[in-house]
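Numbering (our numbering), first residue to last: 257 to 366.
Right, dumping it as structure tokens:
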């Protein structure tokens with residue numbers, strides 16, 4: 257019961273966070289682009305094609321997410337989050353919006 261509540265509450269927070277971001281803003285697109293790329297490569301360690309299967313979308317959709325031309329829907333974010341939990345991958349919903357500092361620093365130094 258608590259897990260279901262925590263999961264619902266977490267998704268509620270995601271929706272609130274999304275409502276404050278303009279889906280057409282350049283900054284939002286850059287955040288999504290970096291976040292999805294981080295989630296795919298650093299969290300899941302997957303190719304675009306294999307990550308697309310986990311998210312229930314096409315490889316082209318993942319490519320558009322990472323290019324910043326398309327943002328994932330709430331349902332798609334839920335599928336990514338569910339896949340992480342199912343695969344016992346440590347997860348933080350905040351990663352949809354902000355790449356962790358440690359990952360951004362590692363990316364900048366590479």
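Note that CB positions come from ideal geometry on N, CA and C, so glycine has one too.
Check whether the Cβ atoms of residue i and residue j lie closer than 9 angstroms to each other.
i: residue 318; j: residue 345; result: no
i: residue 289; j: residue 324; result: yes
i: residue 304; j: residue 332; result: no
i: residue 307; j: residue 343; result: no
i: residue 349; j: residue 356; result: no
By the DSSP assignment, the alpha helix (DSSP H) with residue i in it spans what residues?
i: residue 352; result: Run containing residue 352: none; DSSP gives neither H nor E here.
i: residue 297; result: Note, residue 297: premise wrong, no alpha helix (DSSP H); not H, not E.
i: residue 329; result: Element bounds for residue 329: n/a, residue is neither H nor E.
i: residue 315; result: 315 to 323
i: residue 310; result: 304 to 311
#### Entry: Meets three-Cβ-pair contact criterion under 8 angstroms: the stretch 295 to 311 and the stretch 331 to 338
Touching, yes.
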